[in-house]
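For the sequence shown, the numbering used here begins at 844 and goes up steadily by one. We put the CB at the ideal spot given by N, CA and C, even for glycine.
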Amino acid sequence: MTWHERRVIVAGGTAGFGLVLARHLAAAGARVLVVGRSAAGVRAALEACERGGVPADRIHGLAADLAAAGEGHRVAGEAVRLLGGIDDLFFCVGRSGRAAILKASRATLQEYLDANLLAAVEITQAVADDVAAARGHLAYIGSLAGKLVMPFMGPYSVAKSALAAYVDAVRLELAPRGVHVLLVSPGPIRRAADDPAADRAAERYAAEAAAAGLPQEAAAPGGTTSLAQLDPDRLARDILAACDRRTSELVVPRKAGLMAGLIEWFPDAGRRLLSRMTRMPRRAANR
């Protein structure tokens, strides 16, 4: 498949992996609208793209909080105005974090659901007919945490698991109309060197772990499980290739997908093996 002149929304495209993916789409010839929560973040993302050699006519920016009512429809309308239409949506919005599930309040869980699931609902509904007319792609960046529940990442896992179920439901309704729906479940992704938010995540994890009295290991990428950080450029290429093949799910690294399958088929044995792979201190587990 060619991405030349395809009109693409990248929600959550102003920092982190979303920005990397937006650059790859623009380099492949797509016309891209990146969406982020703040005007300052949008400006920083566009400046980073310009420094990276992305032509100004290939990428546009828009500030919107997709968890707020009406914003998804507004983004879709602006995409039609700026790009001339909508062929594809890449949903990269999300919030990870560190917390003990037994101490997580209803409000905390709601915040995670708002950021990781509910932000996808209105924008998906707003673009569905246009993407179906284009026989295009709806791609959602989930997480390994939605397939493998790790210590001290409970609220995040709950929200990403809910997103995975939502994506399955969207696929059931839109696949008969020619839409390709993809769920990406990656492990921790390395930040690009010029990412405008490069230092924030690590600092936030450490602060959250300290405030909750969690062990130091909880603040590491992947929490208490040893996972190498993924190369964001390689992951972007893999996602575009998965769109070419129109596959339904991409789990990276592959060994984590095998672990998730083992848990699905052999729940007790799979979870015992996963427990041995974590570095959860016994004292913390018994608090």
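CB of residue i within 9 Å of CB of residue j, strictly
i       : j       : result
Gly985  : Ser1028 : yes
Ala958  : Ala1002 : yes
Ala882  : Ala858  : no
Ala977  : Arg849  : yes
Phe934  : Val851  : no
Leu1025 : Glu1092 : yes
Pro998  : Ala942  : yes
Val970  : Ala1036 : no
Asp930  : Gly884  : no
His867  : Arg1097 : no
Glu1051 : Ala1063 : no
Asp900  : Arg874  : yes
Boundaries of the alpha helix (DSSP H) in which residue i is found, first to last residue
i       : result
Phe860  : 859-870
Ala919  : 914-926
Gly1113 : 1110-1120
Pro998  : 997-1017
Opening and closing residue of the beta strand (DSSP E) in which residue i lies
i       : result
Pro1029 : 1023-1029
Arg850  : 850-854
Glu1092 : 1092-1095
Local Cβ density within 10 Å of residue i, reported as buried at 16 or more and exposed below that
i       : result
Glu939  : The amino acid occupying residue 939 in the given sequence is Ser; Glu does not appear at that position. Buried: at least 16 other Cβ atoms inside 10 Å.
Pro798  : Because the chain in this structure spans residues 844 to 1130, residue 798 falls outside the shown range and cannot be described.
Ser1000 : buried
Glu965  : buried
Phe860  : buried
Gly895  : exposed
Phe995  : buried
Arg1119 : exposed
Arg924  : exposed
Ala1053 : exposed
Gly879  : buried
Beta-carbon proximity list for residue i, same chain, < 6 Å, skipping 5 on both sides
i       : result
Val877  : Val853, Gly856, Thr857, Ala865, Ala888, Gly904
Gly928  : Arg850
Arg1125 : Its pLDDT being 49, under 50, Arg1125 is placed unreliably in this model, and the coordinates cannot settle the point.
Val1094 : Ser1028, Gly1100
Ile944  : Gly997
His916  : Ala969
Per-residue DSSP class, three states only, for residue i
i       : result
Asp930  : coil
Ala982  : strand
Val936  : coil
Arg1125 : Residue confidence for Arg1125 is low, a pLDDT of 49 falling below 50, so the modelled location carries little weight and cannot support an answer.
Met1102 : helix
Arg901  : helix
Arg874  : strand
Ala962  : helix
Ala906  : strand
Ala969  : helix
Gly884  : helix
Ala976  : helix
Leu1073 : strand
Close beta carbons around residue i, own chain, < 7 Å, minus the five adjacent residues each side
i       : result
Ala1099 : Leu987, Leu991, Gly1030
His847  : Gly872
Gly989  : Ser1000, Lys1003, Ser1004, Leu1006, Ala1007, Ser1028
Arg1089 : His1023
Ala1049 : Ala1062
Cβ-based neighbour list, residue i, same chain, cut-off 8 Å, excluding 5 preceding and 5 following
i       : result
Leu1105 : Ala1112, Gly1113, Leu1116
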